[in-house]
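Worksheet for the structure shown next.
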Amino acid sequence: MARDPTRLSDRVSRRKFIATTGATSIAAIAGCSSGSSDTESDGSSGGNTATEASTEMESTETEETEQTDEGGSSSDTSALESGGSSTVYPIANTAASYWNANRPASDTEYWPHSEYDIDTDQNLADYWAGLYGFEAGGEEGPPFQFTVGLSHSGTGVEKVMNGQNDIGNSSGNVEDELPDRDSYESFVDHVVGVDGQPLVVSQEIADAGVEQITGDQLKGLYKGEITNWSELGGPDREIQVLGRVKGSGTRTSFVSNVFGNPEEDTSVANRYGQNQRLAQAIAQADNAISYLALAFIDTDGLAPIALEWEGTTYAYQDDENGLDSKAYPLSRDLHMYTWEGTSMKEAAVINMILSDFGQDTFVAPNNYFKLSARRQEEQRAKLPDQV
Numbered sequence: 001m002a003r004d005p006t007r008l009s010d011r012v013s014r015r016k017f018i019a020t021t022g023a024t025s026i027a028a029i030a031g032c033s034s035g036s037s038d039t040e041s042d043g044s045s046g047g048n049t050a051t052e053a054s055t056e057m058e059s060t061e062t063e064e065t066e067q068t069d070e071g072g073s074s075s076d077t078s079a080l081e082s083g084g085s086s087t088v089y090p091i092a093n094t095a096a097s098y099w100n101a102n103r104p105a106s107d108t109e110y111w112p113h114s115e116y117d118i119d120t121d122q123n124l125a126d127y128w129a130g131l132y133g134f135e136a137g138g139e140e141g142p143p144f145q146f147t148v149g150l151s152h153s154g155t156g157v158e159k160v161m162n163g164q165n166d167i168g169n170s171s172g173n174v175e176d177e178l179p180d181r182d183s184y185e186s187f188v189d190h191v192v193g194v195d196g197q198p199l200v201v202s203q204e205i206a207d208a209g210v211e212q213i214t215g216d217q218l219k220g221l222y223k224g225e226i227t228n229w230s231e232l233g234g235p236d237r238e239i240q241v242l243g244r245v246k247g248s249g250t251r252t253s254f255v256s257n258v259f260g261n262p263e264e265d266t267s268v269a270n271r272y273g274q275n276q277r278l279a280q281a282i283a284q285a286d287n288a289i290s291y292l293a294l295a296f297i298d299t300d301g302l303a304p305i306a307l308e309w310e311g312t313t314y315a316y317q318d319d320e321n322g323l324d325s326k327a328y329p330l331s332r333d334l335h336m337y338t339w340e341g342t343s344m345k346e347a348a349v350i351n352m353i354l355s356d357f358g359q360d361t362f363v364a365p366n367n368y369f370k371l372s373a374r375r376q377e378e379q380r381a382k383l384p385d386q387v
């Protein structure tokens with residue numbers, strides 16, 4: 001069935017409002033979650049946070065907890081707990097807002113099932129959970145709650161491995177996040193979207209004429225070999241090189257892609273535990289540069305710059321060589337890991353995110369790139385059979 005492009009555009013605008021509301025709440029959470037300093041030494045202090053739903057949606061407080069269920073059957077209706085990466089957080093948080101609100105089929109603004117060839121009179125979460133044998137929640141609630149905690153990728157994969165969460169959100173491969181493990185066979189990797197990490201600078205640096213750098217210059221910046229903006233065609237001003245903490249999937253992916261080694265040492269003025277804090281630091285400075293998750297590129301006070309890599313220049317929103325290009329060196333998959341298989345509860349939520357509806361609603365409005373139809377099917381094949 002063909003979708004009405006006007007209605008889809010209107011809905012996406014509403015969805016962007018929801019995503020923006022979520023991002024604003026994340027920033028507020030990040031600003032008060034640990035002491036007076038915005039810089040984190042290990043990123044661990046962001047582990048216990050609350051998921052804020054849109055003001056138009058049902059609000060559900062969530063925290064990363066120390067215990068989780070191990071039930072794999074549809075009779076288990078305890079909360080599905082996820083947590084980890086601040087990069088994957090916008091996707092998971094938006095999905096949780098929709099799931100927990102469990103809008104009726106008549107609310108086609110939020111649950112446009114017919115536009116995706118889904119014939120149902122069930123509420124949103126009731127439908128997706130029902131595919132895996134769960135009964136409707138009743139009284140407008142979902143069959144089970146879906147909670148999302150905020151920390152970083154290393155914490156996410158550790159907690160799912162230790163049984164503290166059902167789903168571990170990570171913007172880096174588990175092999176890079178836990179390099180000392182002998183085996184990764186128990187992790188099930190569910191890729192839910194793609195991020196093309198932009199390079200961003202403080203707005204004053206962009207206004208001074210710095211529009212792009214080369215791959216060699218990028219390496220020189222993160223090795224402490226280039227220290228003044230005048231060396232890059234900018235003002236005579238010291239460069240403040242920023243980044244994420246070790247254990248962050250954003251940092252792991254960046255260092256691995258740029259230097260070919262996820263454990264490469266870099267020279268950074270300050271490291272931040274979450275993308276939200278990093279974006280704020282760049283915006284508040286007048287001399288900063290950093291990599292960042294794409295979802296936070298619209299932060300006021302910072303600007304994306306292009307990267308020339310091996311003869312090709314990649315730029316944000318470039319139709320030919322954009323950040324969504326397969327050849328863009330800072331591209332990376334976004335993961336939701338499960339442990340020792342995938343339970344029916346986990347599958348119900350992940351299947352919703354992998355669907356065309358989920359990609360349009362949870363991935364694209366958060367400035368990430370949707371999976372191709374081929375990759376969607378590859379990821380669905382990892383889920384248990386529907387009932």
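Once you know that position 351 of the sequence shown is 351 in the UniProt record's numbering, the rest is easy, because the numbers rise by one and skip nothing.
The beta carbon of each residue, even a glycine, is placed where N, CA and C say it ideally should be.
C-alpha distance - residue i paired with residue j, whole-angstrom precision
i	j	result
Leu354	Pro304	29 Å
Pro384	Tyr132	9 Å
Asn173	His335	8 Å
Arg181	Glu139	45 Å
Gln122	Phe357	15 Å
Ser151	Leu218	27 Å
Asn321	Ala315	7 Å
Ser54	Thr94	Annotation note: pLDDT 35 at Ser54 (below 50); position unreliable, coordinate value reported separately. Those two C-alpha atoms are separated by around 9 Å.
Ser82	Trp339	12 Å
Gly224	Ser290	13 Å
Ser296	Gln276	Reading off the sequence, residue 296 comes out as Phe, not Ser. Rounded to whole angstroms, Phe296 to Gln276 spans 7 Å at the Cα level.
Gly341	Phe146	19 Å
Gly130	Gln280	41 Å
residue 409	Pro142	Residue 409 cannot be examined here, being either before or after the span of the chain that is shown, 1 to 387.
Ile118	Ser85	31 Å
Ala125	Pro365	20 Å
Leu292	Gln197	6 Å
Tyr184	Thr361	31 Å
Gln284	Thr155	28 Å
Gly220	Ile226	5 Å
Asp265	Tyr222	9 Å
Ser256	Lys246	12 Å
residue 425	Glu378	Lying before the first or after the last residue shown, residue 425 is absent from the chain, which here runs from 1 to 387.
Gln164	Leu294	28 Å
Asp159	Asp207	Reading the sequence as shown, one finds Lys at residue 159 and not Asp. If I take the Cα positions, the gap works out to 43 Å.
Arg380	Gly193	13 Å
Ala347	Leu302	38 Å
Thr312	Ser153	30 Å
Top-ranked residue by Cα proximity to residue i, from the options
i	options	result
Leu242	Leu199, Pro112, Val210 and Gly234	Leu199
Ala136	Ser151, Ser153, Gly163 and Arg103	Arg103
Gly233	Gly247, Ser253, Leu218 and Glu211	Glu211
Ile205	Phe146, Arg237 and Val194	Arg237
Phe330	Ser171, Met161, Tyr89 and Val160	It should be noted that the sequence gives Leu, not Phe, for residue 330. Considering only alpha carbons, the answer is Ser171.
Thr87	Ser78, Gly149 and Asp117	Gly149
Trp111	Met352, Leu323 and Ala347	Met352
Asp195	Gln379, Lys370, Lys382 and Asn162	Lys370
Ala79	Gly311, Ile167, Glu175 and Asp324	Ile167
Ala101	Ser186, Ala373, Arg380 and Tyr127	Tyr127
Asn228	Gly260, Asp286 and Phe134	Asp286
Cβ-Cβ distance between residue i and residue j below 9 Å
i	j	result
Trp99	Val349	yes
Gln376	Gln359	yes
Glu115	Thr214	no
Tyr337	Val157	yes
Ser144	Lys345	The amino acid occupying residue 144 in the given sequence is Phe; Ser does not appear at that position. Against a cut-off of 9 Å, the Cβ pair of Lys345 and Phe144 comes out as a contact.
Pro262	Ser253	yes
Asp333	Val191	yes
Asn169	Ala92	yes
Thr120	Ala96	no
Asp318	Ala306	yes
Contacting residues, own chain, Cβ-Cβ under 7 Å from residue i (five flanking each side not counted)
i	result
Arg244	Thr250, Arg251, Arg271, Tyr272 and Leu278
Val188	Tyr337, Thr338, Gly341, Thr342 and Lys382
Ser186	Trp339 and Glu340
Glu58	Note that Glu58 scores 37 on pLDDT, short of 50, meaning its location in the model is unreliable and no value can be drawn from it.
Arg374	none
Gly209	Gly233 and Gly234
Cβ neighbours of residue i in the same chain (closer than 6 Å, five flanking residues each side left out)
i	result
Ala288	Ser202, Gln240, Leu242 and Ile282
Cβ neighbours of residue i in the same chain (closer than 8 Å, five flanking residues each side left out)
i	result
Ser230	Asp236 and Arg237
Cys32	For Cys32, the predicted model reports a pLDDT of 32, less than 50, meaning its position is unreliable; a value from the coordinates is still stated below. Taken in chain order, the list of residues that qualify is empty.
Ser267	Tyr222, Lys223, Gly224 and Val241
Proximity test, residue i beta-carbon vs the ligand SAH heavy atom, cut-off 8 Å
i	result
His113	The ligand SAH is absent from the structure shown, which contains no ligands of any kind.
is_contact[residue i, chain D] using C-beta, thresh 9 Å
i	result
Asp265	Among the chains of the structure shown, chain D does not appear; only one protein chain is present.
### Query
Curious, which full-length beta strand (DSSP E) runs of at least 3 residues does the segment 110-184 contain?
146-150 and 167-170
### Task
Please specify which runs of the alpha helix (DSSP H), each continuous and at least 4 residues long, are wholly inside the segment 78-107, giving them in chain order.
89-101
#### Entry: Uninterrupted beta strand (DSSP E) stretches inside the segment 279-347 (no shorter than 3 residues)
288-291, 302-309, 312-314 and 331-339
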